[in-house]
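Undergrad: There's a structure below that I have some questions on.
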């Protein structure tokens, strides 16, 4: 009989995600895309949210956040795993993405926001190639790219610059899909320069 390996210590949640978590509807649903070890799933679950994580490998998250609904999927090569039907997405009160960029997902991420839903996004940006990895342009946001992508949302906060320990260039946004006259506004198509 083998003894299960002890869980490794989980990294703390992103300070950006913590700072803007209060925007998520109390008890609302949260989707963490590329959830990794589950640090943001654990953060939101502890705050009383129903959490769903997507990653190509969900084993680490399952050990850390047993209450999470985990979806194992290759979101870069396969179809969006949370599509209910063609063009219809499962919606969440928050979509969280950190340290991950795959531009073909923009439409899916925005379509997954429920009316009043919050997008919390933080990842590496241009300039990071001067201090470390990632360094390929495919994995670095261009200047103000998150503002362009979120043009149909209400921008609550946006930052672009450098962080220390470790040194890195980042871009991050907190944006809300507003509800007007009982209906969310239509989201414009996403065009990237």
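Residue numbers (the numbering used here): 18 to 210. Cβ coordinates follow ideal geometry from the N, Cα and C atoms, glycine included. Remember, it's a predicted structure, so these values are computed and weren't measured experimentally.
1. Taking a contact to mean a Cβ-Cβ separation below 8 Å, would you say residue 92 touches residue 123 in this structure?
2. So for residue 157, helix, strand or coil by DSSP?
3. Assign residue 56 to one of three DSSP states: helix, strand, or coil.
4. What distance in whole Å lies between the Cβ atoms of residue 113 and residue 40, which are believed to be in contact at a cut-off of 8 Å?
5. Helix, strand or coil: which one does DSSP assign to residue 89?
6. Tell me the DSSP secondary structure of residue 194 in three-state form.
7. Report the option in 61, 51 and 48 whose CA atom is closest to the CA atom of residue 30.
8. Start and end of the beta strand (DSSP E) containing residue 8?
9. Please indicate yes or no: does the CB of residue 81 lie closer than 7 Å to some heavy atom of the ligand ATP?
10. In angstroms, rounded to a whole number, what distance separates the CA positions of residue 131 and residue 143?
11. Distance check for residue 176 and residue 128, CA to CA, integer angstroms please.
TA: Taking the coordinates as given:
1. Along the chain shown, read from residue 1 onward, the residue named residue 92 stands at position 75. Along the chain shown, read from residue 1 onward, the residue named residue 123 stands at position 106. No. Outside cutoff.
2. Counting from one through the chain shown, the residue named residue 157 turns up at place 140. Coil at residue 157, not helix or strand.
3. In the chain shown, counting from the first residue as 1, residue 56 sits at position 39. Residue 56: helix per DSSP, three-state reduction.
4. Counting from one through the chain shown, the residue named residue 40 turns up at place 23. Counting from one through the chain shown, the residue named residue 113 turns up at place 96. Incorrect: roughly 11 Å between the Cβ atoms, too far for contact.
5. Working through the chain shown from its first residue, we reach residue 89 at position 72. Residue state, collapsed to three classes: strand.
6. Counting from 1 along the chain shown, the entry for residue 194 is found at position 177. It is coil, neither helix nor strand.
7. Mapped onto the chain shown, residue 30 falls at position 13. The shortest Cα separation from residue 30 among 61, 51 and 48 belongs to 61.
8. With the chain running from 18 to 210 in the structure shown, residue 8 is simply not present.
9. Questions concerning the ligand ATP fall outside what the structure shown contains, since it holds no ligand whatsoever.
10. Working through the chain shown from its first residue, we reach residue 131 at position 114. Working through the chain shown from its first residue, we reach residue 143 at position 126. Those two C-alpha atoms are separated by around 30 Å.
11. Numbered from its first residue, the chain shown carries residue 128 at position 111. Numbered from its first residue, the chain shown carries residue 176 at position 159. Roughly 23 Å between the two C-alpha positions.
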